[in-house]
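Trainee: Here the sequence shown is numbered in my numbering, starting from 1494 and rising by one per residue.
We put the CB at the ideal spot given by N, CA and C, even for glycine.
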Amino acid sequence: MVWYRQRVEEGNRLMAGPDIRATQSGILVDPVYGPAETLPGQYPYTRGIHPTMYRGRHWTMRQYAGYASAEESNRRYRFLLEGGQTGLSVAFDLPTQLGYDPDHPLASGEVGRVGVSVASLDDMATLFDGIPVDRVSTSMTINATAPILLAFYVANALRQGVAPATLSGTVQNDILKEYVARGTYIYPPRASLRLITDTVAFCARELPRWNPISISGYHLREAGATAVQELAFTMANGIEYVRAALTAGLDIDDFAPRLSFFFACHNAFFEEIAKFRAARRLWAETIRDQFGAKRPESWKLRFHTQTAGSTLTAQEPENNVIRVTLQALAAVMGGTQSLHCNALDEALALPTEATARTALRTQQIIAHETGVTDTADPLGGSYFVEALTDEVANGARRLLGDIARIGGAMKAVETGYYARLIEESAYQYQRAIDDGSQVIAGVNRFRSDSGVEPDAQALLSVDATLGAQQAGRLVTLRATRDEDRVQTALTRVREVARGSGNVMEPLIAGAQASATLGELAGALRDVFGEYLDGIA
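Next comes the structure, spelled out in structure tokens:
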């Protein structure tokens, strides 16, 4: 035991030193373990995109939030930032996602319900009032109207005197999965792809610190995809977006470093870790070998993770804290760059301040109390994890081959290939729950009448008069703005959309002229039409 005591004493002496990590017993922890040829920070980045991973910097703690009015959401953002959150993530309501103003008939009953209502530049300014947009990274979960919301964000920065080039963050802007998993599309797929490409090109030129797309497997997974399907379909969609950008004349190394991804993390702890490791490997191979990118930064897959909403249960909701903790830990062990933890009450309502705080504390406890951040890829070299990583990668490769034979991701969407596989997987999973072979504690086994059910009065609710309030604001806005300037801006949006120019510039001009979200989306509808029930 002499060697052990000496090691502990050495650890105790060095624990206060610069970047020295040790266990509570004083055992020193190296930045990384394993042979030199398989270290993190090296192609194909299976073990992580940075040599020391979280030892150098923690992931961005980015709690997804947004509800009711811009004022109420702003208060929640300030609350989270004061509690130690390191990045914002904005949830928008359905009318905003679908390009309708709060006073549109189709917005009735939905304003502010599942996210914040943002219908104008003034709303965006209120949403970020007192928040330094040049220092806080902002992620916006928005797709069909992503160019418009980004235009509002840039216009608000300009109004504040902030240079757009200093803005950092992400706009989801991933439309292909909308036709399969979420349904918040507006325009036909190929028109939507044009808008995405314009956003990518604009950001590459004007917003060098902004991620113009977050290629999302999360919603595919929530719809019922397996881990392997989530990975394969997300990679295929990413390939489709890269091809569209290349066709538009962009250079792969100009935009690939700013592409980002978004994955779910479910309960199968080791499979999820393997999925993240396999994702980095597959994307590095694809970007370097298939598309010929030369810069190592282009090869690195960077991703945000959200714990799985579909695993949360209304029964015994306190159990959701355990589920979320394990999912968050798997995301960290898998090397995520950004993380959101769901709140325990999200199977019942939007999270309250108290449950949102617990979700944020989950990340902080993992980061600061567990020691899992002391060494990069702590499970690297595990026989099980390495084999599972290979199996997940190979399974995804087989699906990618099938998608390539179909003609790519766009064809996989249009032919229903994605939908068929996801529906079958979702059916099989639900059957397993129904017959008890897939155990869900507190639901189909280990049920108890003593679970702590939340008081309905303790759940977050949105004021029923919010829609009328937001509509009233638009009446005032339209009465006080320069209408000729608005119409000129909308005409310019239509002209550029009909041609081959980049729509981002006229959208920003429209935002600055006080055109509303519905008006800007409507101008694009005039040119592109709508995609309804598979009919353009």
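1. Just the Cα atoms here: how many angstroms apart are LEU2025 and ILE1679?
2. Under the three-state reduction of DSSP, which class applies to TYR1920: helix, strand or coil?
3. Going by the beta-carbon positions, is the gap between ASN1704 and GLU1671 smaller than 8 Å?
4. By a C-beta neighbour count over all protein chains shown, 10 Å radius and 16 as the cutoff for buried, is ILE1766 buried or exposed?
5. For GLY1960, does the three-state DSSP call read helix, strand or coil?
6. What are the start and end residues of each continuous beta strand (DSSP E) run of 3 or more residues lying completely inside the region 1647-1724, in chain order?
7. Note the first and the last residue of the continuous beta strand (DSSP E) segment covering THR1800.
8. Give me, in chain order, the residues of the same chain whose beta-carbon lies closer than 6 Å to that of ALA2030; leave out the 5 immediate sequence neighbours on both sides.
9. Can you tell me where the beta strand (DSSP E) with PHE1754 in it begins and where it stops?
10. GLY1580 bridges to which residues according to DSSP?
11. With the cut-off set at 8 Å, would you say LEU1634 and GLN1665 are in Cβ contact?
12. Can you grab the Cα-Cα spacing for the pair LEU1688 / ARG1514, in whole Å?
13. Considering only DSSP beta bridges, list what ALA1515 is partnered with.
14. Could you tell me the distance, in whole angstroms, from the CA atom of PHE1645 to the CA atom of ALA2014?
15. Specify, as a first and last residue, the run of the alpha helix (DSSP H) that HIS1833 falls within.
16. Do the region 1702-1717 and the region 1657-1664 make contact, defined as three or more Cβ pairs closer than 8 Å?
17. In the DSSP assignment, what residue or residues form a beta bridge with MET1554?
18. Do the CB positions of PHE1585 and GLY1602 come within less than 8 Å of each other?
19. Cutting at 7 Å between CB atoms, please list the residues of its own chain near PRO1595, excluding the five before and the five after it.
20. So, helix, strand or coil for PHE1585, using DSSP?
21. Give me the DSSP bridge partner(s) of VAL1609.
22. Taking the CB atoms as reference points, tell me whether ALA1749 and ALA1786 lie closer together than 8 Å.
23. GLU1907: which of ASN1730, GLU1884, LEU1953 sits nearest, CA to CA?
24. Spell out a yes or no on whether the region 1867-1882 and the region 1524-1538 are touching, meaning 3 or more CB-CB pairs, one atom from each, closer than 8 Å.
25. What distance in whole Å lies between the Cβ atoms of ASP1615 and ASN1567, which are believed to be in contact at a cut-off of 8 Å?
26. Work out the CA separation of ARG1940 and ALA1934 for me, nearest whole Å.
27. Could you check the C-alpha separation between GLU1715 and ASP1977 for me, to the nearest Å?
28. Pull up the CB-CB distance for MET1727 and LEU1713, whole angstroms please, since I reckon it's below 8 Å.
29. Cα separation between GLY1827 and PHE1769?
30. Take TYR1911 and list the residues in its own chain whose beta-carbon comes closer than 7 Å to its own, dropping the five residues that flank it on each side.
31. So, at 7 Å on beta carbons, what are the nonlocal neighbours of LEU2000 in its own chain, with the 5 sequence-adjacent residues on each side left out?
32. Classify ILE1926 as buried or exposed, calling it buried when 16 or more other Cβ atoms lie within 10 Å of its own Cβ.
33. Taking DSSP's pairing of strands, which residues face ARG1938 in a bridge?
34. Kindly indicate which residue of MET1617, VAL1655, ASN1649 has the alpha-carbon position closest to the one of ARG1628.
35. Answer yes or no: do ALA1720 and THR1882 have a C-beta to C-beta separation smaller than 8 Å?
36. Should MET1903 and PRO1682 be called a contact, given that it needs their Cβ atoms to be closer than 8 Å?
Mentor: To lay it out plainly:
1. Within the sequence shown, residue 2025 is the residue found at index 532, counting from 1. Within the sequence shown, residue 1679 is the residue found at index 186, counting from 1. So the two alpha carbons sit approximately 8 Å from each other.
2. Along the sequence shown, one-based indexing puts residue 1920 at 427. Reduced to three states, the DSSP call for TYR1920 is helix.
3. Residue numbering aside, residue 1704 sits at position 211 when the sequence shown is read from its first letter. Residue numbering aside, residue 1671 sits at position 178 when the sequence shown is read from its first letter. Contact flag unset, no.
4. If you number the sequence shown from 1, residue 1766 lands on position 273. It is buried - the Cβ of ILE1766 has at least 16 other Cβ atoms within 10 Å.
5. For the purposes of this step, residue 1960 is identified with residue 467 of the sequence shown, where counting begins at 1. In the structure shown, GLY1960 sits in a helix (DSSP, three-state: H, G or I).
6. 1662-1664, 1706-1709
7. Residue 1800 sits at position 307 when you count from the first residue of the sequence shown. 1796-1800 is the extent of the beta strand (DSSP E) around THR1800.
8. Nothing can be reported for residue 2030: it is not among the residues displayed for the chain, which extend from 1494 to 2029.
9. For the purposes of this step, residue 1754 is identified with residue 261 of the sequence shown, where counting begins at 1. Note, PHE1754: beta strand (DSSP E), 1752-1758.
10. Mapped onto the sequence shown, residue 1580 falls at position 87. GLY1580 is bridged to SER1630.
11. Within the sequence shown, numbered from 1, the residue matching residue 1634 stands at position 141. Within the sequence shown, numbered from 1, the residue matching residue 1665 stands at position 172. The sequence as given places Thr at residue 1634; Leu does not occur at that position. Result yes, Cβ atoms of THR1634 and GLN1665 sit closer than 8 Å.
12. For the purposes of this step, residue 1688 is taken as residue 195 along the sequence shown, with counting starting at 1. For the purposes of this step, residue 1514 is taken as residue 21 along the sequence shown, with counting starting at 1. The alpha-carbon atoms of LEU1688 and ARG1514 are separated by roughly 47 Å.
13. As a working mapping, residue 1515 is identified with position 22 in the sequence shown. ALA1515 is bridged to LEU1521.
14. Here the question's residue 1645 lines up with position 152 in the sequence shown. Here the question's residue 2014 lines up with position 521 in the sequence shown. Their Cα atoms are separated by approximately 13 Å.
15. Position 340 of the sequence shown holds residue 1833. Counting along the chain, HIS1833 falls outside any alpha helix (DSSP H), though it belongs to the beta strand (DSSP E) covering 1831-1833.
16. yes
17. If you number the sequence shown from 1, residue 1554 lands on position 61. For MET1554, which the question treats as bridged, DSSP gives the partners LEU1832.
18. As a working note, residue 1585 is residue 92 in the sequence shown. As a working note, residue 1602 is residue 109 in the sequence shown. Going by C-beta atoms, PHE1585 is not nearer than 8 Å to GLY1602.
19. Along the sequence shown, one-based indexing puts residue 1595 at 102. Contacts found: PRO1588, VAL1604, SER1610, ALA1612, GLY1960, GLN1963, ALA1964, LEU1967.
20. The residue you call residue 1585 lines up with position 92 of the sequence shown. Reduced to three states, the DSSP call for PHE1585 is strand.
21. Position 116 of the sequence shown, counted from the start, is the residue given in the question as residue 1609. Answer is ALA1561, PHE1585, bridged to VAL1609.
22. The residue given as residue 1749 occupies position 256 in the sequence shown. The residue given as residue 1786 occupies position 293 in the sequence shown. Contact: yes.
23. Position 414 of the sequence shown, counted from the start, is the residue given in the question as residue 1907. If we check each option's Cα against that of GLU1907, ASN1730 comes out closest.
24. yes
25. In the sequence shown, counting from the first residue as 1, residue 1567 sits at position 74. In the sequence shown, counting from the first residue as 1, residue 1615 sits at position 122. Contact flag wrong, Cβ pair sits at about 13 Å.
26. The count along the sequence shown starts at 1 and reaches residue 1934 at position 441. The count along the sequence shown starts at 1 and reaches residue 1940 at position 447. When rounded, the distance between both Cα atoms is 7 Å.
27. Taking the sequence shown and counting its residues from 1, one reaches residue 1715 at position 222. Taking the sequence shown and counting its residues from 1, one reaches residue 1977 at position 484. Roughly 45 Å separates the two Cα atoms.
28. Here residue 1727 refers to the residue found at position 234 when the sequence shown is read from its first residue. Here residue 1713 refers to the residue found at position 220 when the sequence shown is read from its first residue. Just to set this straight, residue 1727 is Thr in the shown sequence, not Met. Contact holds; Cβ gap of about 7 Å.
29. Taking the sequence shown and counting its residues from 1, the one referred to as residue 1827 is at position 334. Taking the sequence shown and counting its residues from 1, the one referred to as residue 1769 is at position 276. Each residue's Cα considered, the two are about 5 Å apart.
30. Locating residue 1911 in the sequence shown gives position 418, where the first residue counts as 1. Answer for TYR1911: VAL1673, PHE1726, ALA1905, listed in chain order.
31. As a working note, residue 2000 is residue 507 in the sequence shown. Cβ within range, chain order: PRO1640, ILE1641, ALA1644, VAL1986, LEU2013.
32. For the purposes of this step, residue 1926 is taken as the residue at position 433 of the sequence shown. ILE1926 comes out exposed.
33. The count along the sequence shown starts at 1 and reaches residue 1938 at position 445. DSSP lists ALA1934 as partners of ARG1938.
34. Taking the sequence shown and counting its residues from 1, one reaches residue 1628 at position 135. Closest option to ARG1628, Cα to Cα, is VAL1655.
35. For the purposes of this step, residue 1720 is taken as the residue at position 227 of the sequence shown. For the purposes of this step, residue 1882 is taken as the residue at position 389 of the sequence shown. Taking 8 Å as the Cβ cut-off, ALA1720 and THR1882 do not qualify as a contacting pair.
36. Numbered from 1 along the sequence shown, position 410 holds the residue referred to as residue 1903. Numbered from 1 along the sequence shown, position 189 holds the residue referred to as residue 1682. Yes.
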